[in-house]
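Undergrad: In the numbering used here, the protein residues as written are 357 to 788.
The following block contains the structure:
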């Protein structure tokens, strides 16, 4: 994952430390911007695996990897003294000191929910209060700790000591990395133990709390710590939250959604519906890119104090009876972005509906010309209409009237797009 970031150097003479802001937070991995030291450009890379976990901590081969290297030579730096601190939910969960070591630390992780940290090197348990001397690339470490016992945002603070022979630095250098581990958050709709009745909210940033569904106004809300400071926002490429809703659920019975953060409207294009990936669920993606986050930060800062590192932020997803057009749908293999609008916006049986559609390149937003696809309406696993549509210009209009005996939730399938086995699926809501 590539991230757009900045380097900020702040010299604090009183404590004689140089602080370096990071390249940006990432899913599973974060890489700092370079630090210029004489003939070296120092880069710190951190990685936690797996990138996504669910409620169980019994997953395969969890790891922690850290590398400190010279970007010019692409060479790991030797003879380093450095400290590794890892925080989660503002709790220090690892505090490790090394001396005269190679800038490569690779450890197996044993996640646990207890606070005690156990570190072993080459099968021998160490005293976690002591510095580890002379780490080389063949050493095998294992760390039992809270790391990866849950998902969310992990803050890695790496201090490169001025005592390091391999740096020749005048001051200690502190590099902060931010690594997100995705996790499932479950909310039970009907107080049932059946998995099919669960709402799942997949967070690719930090842990969620206060998940709540309000049947009265058909809204789903949650809270999540988030840093709205403009400097931090500049480092982020995007924020991604994914809602997995059972298709029978009332929140799924709509043609469009809106979103709020701190009661501010989210951009319409930040919410994308996926009715294809899971046959039993509707998936809704909330994706805020850097520009959208920056605009929201400016709006929110007018009404809220967002100077703290992690402000508990409220997010809300709600249904919209009259869709906000156009609707954007990624095709099955994400080769195309299918865009659709219709008029009248409220679909009722026997009333002619005028559809306007186009295909775009999801990477560039450019219109795809010479399109060819099947326009298919399915109701209760039965095809009730199918017609092949073509356009040399990429955009086309088509009129269709839904029959009186159709259910409230048929599917519109745009199939066999340009013969590439690509399709887009949208569950429609019919008003009767």
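All residues carry an ideal CB built from backbone N, CA and C; glycine is no exception.
Would you say residue 460 touches the ligand MG, meaning its beta carbon is less than 7 Å from a heavy atom?
TA: The model on display carries no ligand, and the ligand MG is accordingly not part of it.
Undergrad: Take every Cβ of the segment 682-701, pair it with every Cβ of the segment 757-776, and state whether three or more of those distances are shorter than 8 Å.
TA: Yes: the two stretches touch, three or more of their Cβ pairs being nearer than 8 Å.
Undergrad: Do residue 723 and residue 524 have their C-beta atoms closer together than 8 Å?
TA: Against a cut-off of 8 Å, the Cβ pair of residue 524 and residue 723 comes out as no contact.
Undergrad: For residue 448, collect the residues of the same chain with a Cβ closer than 7 Å to its Cβ; drop the 5 residues on either side in sequence, then sort them by chain order.
TA: If we look at residue 448 and ignore the five residues flanking it on each side, its Cβ neighbours are 441.
Undergrad: Thinking C-alpha only, which one of 567, 466 and 489 is nearest residue 668?
TA: For residue 668, the nearest C-alpha among the options comes from 567.
Undergrad: Buried or exposed for residue 743, please, with buried defined as at least 16 other CB atoms from any protein chain shown within 10 angstroms of its CB.
TA: Counting Cβ neighbours within 10 Å, residue 743 comes out exposed, since fewer than 16 surround it.
Undergrad: So the candidates are 492, 616, 654 and 716; which of them puts its Cα closest to the Cα of residue 587?
TA: Taking only the C-alpha atoms, the option nearest residue 587 is 654.
Undergrad: With a threshold of 7 Å on Cβ separation, who are the neighbours of residue 736 within its own chain once the five nearest residues in sequence on each side are excluded?
TA: Here the set comprises 763.
Undergrad: Pick out the complete beta strand (DSSP E) segments inside the segment 660-714, 3 residues or longer, and give them in chain order.
TA: Taking only runs of at least 3 residues, the beta strand (DSSP E) segments lying wholly in the segment 660-714 are 667-675, 683-686 and 693-699.
Undergrad: What is the DSSP secondary structure of residue 775, reduced to helix, strand or coil?
TA: Three-state result, residue 775: helix.
Undergrad: Start and end of the beta strand (DSSP E) containing residue 591?
TA: Element bounds for residue 591: not the beta strand (DSSP E) but the alpha helix (DSSP H), 586-591.
Undergrad: Looking at residue 504: is its Cβ nearer than 8 Å to the Cβ of residue 400?
TA: It is not a contact, given that the beta carbons lie outside the stated cut-off.
Undergrad: Using CA atoms only, rank isn't needed, just tell me which of 428, 423, 509 and 620 is closest to residue 434.
TA: Minimum Cα distance to residue 434 is reached at 423.
Undergrad: Excluding the 5 residues flanking residue 726 on each side, which residues of the same chain have their C-beta closer than 6 Å to its C-beta?
TA: Excluding positions up to five away in sequence, the list reads 748.
Undergrad: Should residue 591 be labelled buried (16 or more other beta-carbon atoms within 10 Å of its own) or exposed?
TA: Buried, by the Cβ-count rule.
Undergrad: With residue 565 and residue 582 assumed to form a contact (beta carbons below 8 Å), what rounded beta-carbon distance in angstroms separates them?
TA: About 12 Å; that fails the 8 Å criterion.
Undergrad: Tell me the DSSP secondary structure of residue 638 in three-state form.
TA: Residue 638 falls in the strand class under three-state DSSP.
Undergrad: Could you tell me which residues DSSP puts in a beta bridge with residue 534?
TA: Residue 534 pairs with 511.
Undergrad: For the alpha helix (DSSP H) that contains residue 656, what are its first and last residues?
TA: From DSSP, the alpha helix (DSSP H) with residue 656 extends over 646-657.
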